[in-house]
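Peer 1: Protein chains in written order, with this note's numbering: chain A, 707 to 968; chain B, 707 to 968. A virtual CB, placed ideally from N, CA and C, is assigned to each residue, including glycine. Since the model is a prediction, treat every value here as computed from it, not as a measurement.
The following block contains the structure:
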């Protein structure tokens, strides 16, 4: 199970302030803490970053990779900023992951950048206006994106299909559709397509003290259906313990009394 | 999801002492606490009870049902004690559940008692010496028990098939076989067969502080495959919260911010 650490995000006040003042320390600390907690990628969410996006992403990538030997997940809708991040990224520590392309025309360029920089790419199964109604619709969108990826020269094994997790508190039935989509996505190719979710979307809007519980039960179900990766909070020890325990039940980790410490 | 409260068991020293001295209070307190925590049945495990088993089970059933208006799960290998319990049981509070028949000849009598007293019956898919190797073997045993139940006049809807949960720390691959068995059992009849597990068996032998985590992740997976009931600890609030959350994801509970309090 691949964990993409979600904590370096413009949504967090501390991170936003550090970005604005170009103070690397809070960002580097978050990167290091997530890396030590078992994250495989560090997400770098700078938002739309319409002004000086390229310079900001370059500074972020360099600041973080100075501290941790981790590949990054570059998270912005600004293609120019994304390209700057790809140029700055140290691929000796793993290939970068683009977050994200989708079926919306302004996101097609992300596939072009993935091909150009040999990057991995998240593909959000969203497009053409409305939210996908069910797993089948998500598969239809995934197939369109896969066809486009092939045209751009992005190999299928470099795509991570994202079913678009919606909040359970207002769209409860979508939780099941997304689990089913994770299962169905894998069948769209041989070898199976890889899958990813933005986990914490599921608990958006629920009381704060219930969020971790909801996230970790949902992640167990997604993993059971074969999920490859999750953008999640590796500093949530209970979540990470549940990930490790689910891997034991799926036979991906050999049981040892110390498996939680691995 | 039906929870069968497991706390009144001869394995617990406090319970054993209360049984021996015929002190109802500790037993009644445990019954009440489990009932209030959401148990649907209270398990009454008196062990083999070779001496005065009938008198003990009668006393247990009467003591518990004086305090809580709950149906009981009568748990002993002693058929005479079990029959005494069935006679004493107050069916106005629900039908009793026999724990358990199996494919071992000395357990066939439990089906006879189920038919005679209109009781529900757990059927452990165990028999003929060795442990079942996989889900398919469990299904074969289940089919034999189902055939026998029909001969004895026990309706299929009154049987709860139990895949026999084994400890993950020494028989890790059995954890997956048992999940698969829960899924396959349901397909043995239409309407689907009901299923039950003795949950805490999964974490037998693991460090004590990891048991609840292991139990609750495993229960989530079993529930996802359609488990009907679990013999478990309803006083483990984290476990009960996971049960409720899994039911939200399966669409069995409508989400409300207060669903954990229901």
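Which residues bound the beta strand (DSSP E) around residue 900 of chain A?
Peer 2: Taken as a continuous stretch (DSSP letters only), the beta strand (DSSP E) holding residue 900 of chain A covers 900-904.
Peer 1: Under 9 Å between beta-carbons, which chain A residues line up against residue 920 of chain B? List them in chain order, please.
Peer 2: Neighbours of residue 920 of chain B on chain A, chain order: 951, 954 and 955.
Peer 1: Using a cut-off of 8 Å between C-beta atoms, extract the partners of residue 866 of chain B located in chain A.
Peer 2: The premise fails here: residue 866 of chain B is roughly 22 Å from chain A at the closest Cβ pair, so nothing lies under 8 Å.
Peer 1: According to DSSP, simplified to helix, strand and coil, what is residue 747 of chain B?
Peer 2: Of the three classes helix, strand and coil, the one that applies to residue 747 of chain B here is strand, per DSSP.
Peer 1: For residue 830 of chain A, which of helix, strand or coil comes out of DSSP?
Peer 2: Of the three classes helix, strand and coil, the one that applies to residue 830 of chain A here is strand, per DSSP.
Peer 1: Counting only the same chain and skipping the five closest in sequence on each side, list residues whose C-beta sits under 6 Å from that of residue 810 of chain B.
Peer 2: Cβ neighbours of residue 810 of chain B beyond the five flanking positions: 833.
Peer 1: Kindly indicate which residue of B:766, B:796 and B:788 has the alpha-carbon position closest to the one of residue 807 of chain B.
Peer 2: Measuring from the Cα of residue 807 of chain B, the nearest candidate turns out to be B:788.
Peer 1: Can you list, in chain order, the residues of its chain whose CB lies under 6 Å from that of residue 898 of chain B, leaving out five sequence neighbours each side?
Peer 2: For residue 898 of chain B, where only same-chain residues beyond five positions count, the Cβ hits under 6 Å are 892.
Peer 1: For the segment 920-968 of chain A, list the alpha helix (DSSP H) runs that are entirely contained and at least 4 residues long, ordered along the chain.
Peer 2: Segments of the alpha helix (DSSP H) lying fully in the segment 920-968 of chain A: 943-955.
Peer 1: State the start and end residues of the unbroken alpha helix (DSSP H) segment that holds residue 845 of chain A.
Peer 2: Residue 845 of chain A -> alpha helix (DSSP H) spans 841-858.
Peer 1: Please return the same chain residues whose Cβ sits closer than 6 Å to the Cβ of residue 732 of chain A, not counting the five positions on each side in sequence.
Peer 2: 720 and 724, listed in sequence order.
Peer 1: Express the C-alpha separation of residue 760 of chain B and residue 848 of chain B in angstroms, rounding to a whole number.
Peer 2: Roughly 29 Å between the two C-alpha positions.
Peer 1: Cα-Cα, which of A:746, A:739 and A:791 is closest to residue 755 of chain A?
Peer 2: Out of A:746, A:739 and A:791, A:791 has the C-alpha closest to the C-alpha of residue 755 of chain A.
Peer 1: Going along the chain, which residues of its own chain have a beta-carbon closer than 7 Å to the beta-carbon of residue 712 of chain B, five neighbours each way excluded?
Peer 2: 749, 906, 937, 938 and 939.
Peer 1: What's the C-alpha gap between residue 718 of chain A and residue 799 of chain A?
Peer 2: Approximately 26 Å between the Cα atoms of the pair.
Peer 1: Just checking: is the beta-carbon of residue 947 of chain A within a distance shorter than 8 Å of some beta-carbon in chain B?
Peer 2: Judged by the 8 Å Cβ criterion, residue 947 of chain A is in contact with chain B.
Peer 1: What are the residues of the segment 906-917 of chain B that lie near chain A, defined by any Cβ-Cβ distance shorter than 8 Å?
Peer 2: The segment 906-917 of chain B vs chain A, Cβ under 8 Å: 912, 913 and 916.
Peer 1: Are the CB atoms of residue 782 of chain A and residue 763 of chain A nearer to each other than 8 Å?
Peer 2: A contact, by the Cβ cut-off of 8 Å.
Peer 1: Quick one: which residues of the segment 852-880 of chain B get their C-beta closer than 9 Å to a C-beta of chain A? List them in chain order.
Peer 2: Answer set for the segment 852-880 of chain B: 874, 875, 876, 878 and 879.
Peer 1: Whose Cβ in chain A lies nearer than 8 Å to the Cβ of residue 923 of chain B?
Peer 2: In chain order: 926, 948, 951, 952 and 955.
Peer 1: Counting contacts by CB-CB distance shorter than 8 Å, is residue 985 of chain B in contact with chain A?
Peer 2: What the structure shows of chain B is the stretch from 707 to 968, and residue 985 of chain B is not part of that stretch, so it cannot be assessed.
Peer 1: Out of curiosity, what's the CA-to-CA distance linking residue 964 of chain B and residue 913 of chain A?
Peer 2: One C-alpha to the other measures close to 9 Å.
Peer 1: What residues match up with residue 779 of chain B in a beta bridge as DSSP calls it?
Peer 2: DSSP, once it has assigned bridges, lists B:749 and B:803 as partnering residue 779 of chain B.
Peer 1: Over what stretch of residues does the beta strand (DSSP E) that includes residue 879 of chain B continue unbroken?
Peer 2: Element bounds for residue 879 of chain B: not the beta strand (DSSP E) but the alpha helix (DSSP H), 878-892.
Peer 1: How far does the alpha helix (DSSP H) with residue 759 of chain B in it extend, from its first residue to its last?
Peer 2: Residues 759-773.
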